[in-house]
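In terms of my numbering, the sequence shown opens at residue 255 and continues consecutively.
Note that the Cβ used here is the ideal one computed from N, Cα and C, for glycine as well.
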Amino acid sequence: MELKRARVIYNPSSGREAMRKALPDILESLEIAGFEASTHATTGDDCARRAAKIACDRKYDMVIAAGGDGTVNEVVDGIASKEYRPKLGVIPMGTTNDFARALHIPRDWKKAMEIILDGYSKKLDIGEVNGKHFMNIAGGGRLTELTYEVPSKHKTVLGQLAYYLKGIEMLPSIRPTKARIEYDGEVLEEEIMLFLVSNTNSIGGFEKIAPNAEMDDGKFDLLILKKSNLADFIVLANKALRGTHLGDKHVVYAQASEIKVEAEDNMQLNLDGEHGGSLPGTFRNLHKHIEFFLPEKDVK
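Right under this line is the structure:
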């Protein structure tokens with residue numbers, strides 16, 4: 255019987271180098287479970303993406319992405335573009351781990367490995383825009399740049415609050431942008447502060463921004479924040495913490511499988527918390543595109 259093969263793609267500097275310490279035990283647990291296991295340590299931008307593509311070309315049975323959301327995004331992007339796509343496991347080792355949180359994967363690497371080795375898996379949707387993929391969230395507008403403007407040490411200590419405070423600090427300088435957003439036949443043309451195209455409910459540590467998001471329904475949750483002032487924003491941010499913001503007059507909410515966005519001013523894209531180029535963009539939902547290892551209770 256041929257051994258199944260697993261490839262661990264990991265960021266050696268994530269989690270204060272906790273991954274480096276855990277690696278021998280991770281490899282041993284894979285070997286005990288009957289896998290021929292090997293590793294690839296990332297060394298910079300695009301490294302995890304290239305490693306994931308190679309793992310697909312070599313027909314690995316399983317790929318494990320170990321690191322923060324950035325590492326996981328690169329691995330997803332590498333796998334998503336291939337015809338043969340191995341099952342994907344996630345070991346969260348970053349500061350926010352939004353995607354792992356959406357998948358109910360614990361931060362404890364031993365528990366994350368248990369989920370992978372239990373072998374329960376499910377095909378989930380992936381987003382694609384301008385040739386790049388995202389698994390969690392895509393957005394545009396200055397406020398979406400919070401994810402890379404908040405220092406990671408503040409994220410670790412303050413969590414959600416760090417984003418909230420930074421948002422209030424940034425807001426007076428933010429100008430609304432005239433945008434045209436087309437979604438499943440509807441068209442919105444007006445000044446907006448930001449838009450979010452969400453695949454999951456976990457965004458920047460907030461779990462109620464897109465409370466209705468399902469990861470296997472073939473649709474994104476689209477949220478658009480219309481032109482608003484500081485007072486409006488503070489009210490809205492408080493509503494967002496409670497998950498009651500979808501009915502606010504400044505928010506447009508819809509579910510759609512394809513969304514086209516154009517903006518008059520230059521608007522940068524944020525994909526899973528990283529720079530993703532700029533608009534215009536057409537966001538497409540790739541329905542049940544990658545199979546992920548999940549806790550047994552989430553595999554229905």
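Quick one: what's got a C-beta closer than 7 Å to residue i's C-beta in the same chain, skipping five residues either side?
i           : result
residue 311 : none
residue 521 : 394, 395, 431, 532 and 533
residue 504 : 479, 480, 482, 486 and 490
residue 499 : 490, 493 and 505
Please determine, among the options, the residue with the shortest C-alpha to C-alpha distance to residue i.
i           : options               : result
residue 442 : 465, 516 and 543      : 516
residue 377 : 537, 339 and 301      : 339
residue 495 : 510, 455, 281 and 328 : 455
residue 554 : 509, 488, 470 and 541 : 470
residue 530 : 511, 387 and 550      : 387
residue 232 : 325, 286, 280 and 288 : Here the chain comprises residues numbered 255 to 554, so residue 232 is not present and cannot be evaluated.
residue 349 : 270, 296, 277 and 331 : 270
residue 333 : 370, 379, 351 and 288 : 379
residue 538 : 384, 551 and 359      : 384
residue 452 : 501, 381 and 428      : 381
residue 267 : 308, 347 and 279      : 347
residue 272 : 513, 330, 320 and 508 : 320
residue 356 : 331, 260 and 468      : 468
residue 475 : 512, 265 and 444      : 512
residue 259 : 352, 281, 365 and 447 : 281
residue 373 : 488, 354 and 284      : 284
residue 535 : 514, 307, 543 and 428 : 514
residue 322 : 365, 527 and 541      : 527
How would you label residue i, buried or exposed, when you count the other beta carbons within 10 angstroms and need 16 or more for buried?
i           : result
residue 362 : exposed
residue 369 : buried
residue 337 : exposed
residue 473 : buried
residue 297 : exposed
residue 248 : Outside the modelled stretch of the chain, which goes from 255 to 554, sits residue 248, for which no answer is possible.
residue 484 : exposed
residue 331 : buried
residue 352 : buried
residue 261 : buried
residue 343 : buried
Which of the three DSSP states, helix, strand or coil, is assigned to residue i?
i           : result
residue 504 : coil
residue 339 : coil
residue 578 : Given that the chain is displayed from residue 255 to residue 554, the structure contains no residue 578 and the question cannot be resolved.
residue 367 : helix
residue 307 : helix
residue 350 : coil
residue 327 : helix
residue 333 : helix
residue 518 : coil
residue 551 : helix
residue 372 : helix
Under 8 Å Cβ to Cβ from residue i, same chain only, skipping five residues before and after it: list those, please.
i           : result
residue 341 : 315, 316, 317, 375, 545, 546 and 547
residue 518 : 431, 432 and 433
residue 543 : 334, 339, 377, 378, 379 and 380
Give me, in chain order, the residues of the same chain whose beta-carbon lies closer than 6 Å to that of residue i; leave out the 5 immediate sequence neighbours on both sides.
i           : result
residue 294 : 263 and 305
residue 551 : none
residue 549 : 358 and 369
residue 302 : 263, 296, 325, 328 and 329
residue 265 : 296, 321 and 325
*Scan the segment 258 to 292 and note each continuous beta strand (DSSP E) run of 3 residues or more that stays entirely inside, going in chain order.*
258 to 264
*What are the complete beta strand (DSSP E) segments, minimum 3 residues, inside the segment 469 to 514?*
474 to 480 and 505 to 510
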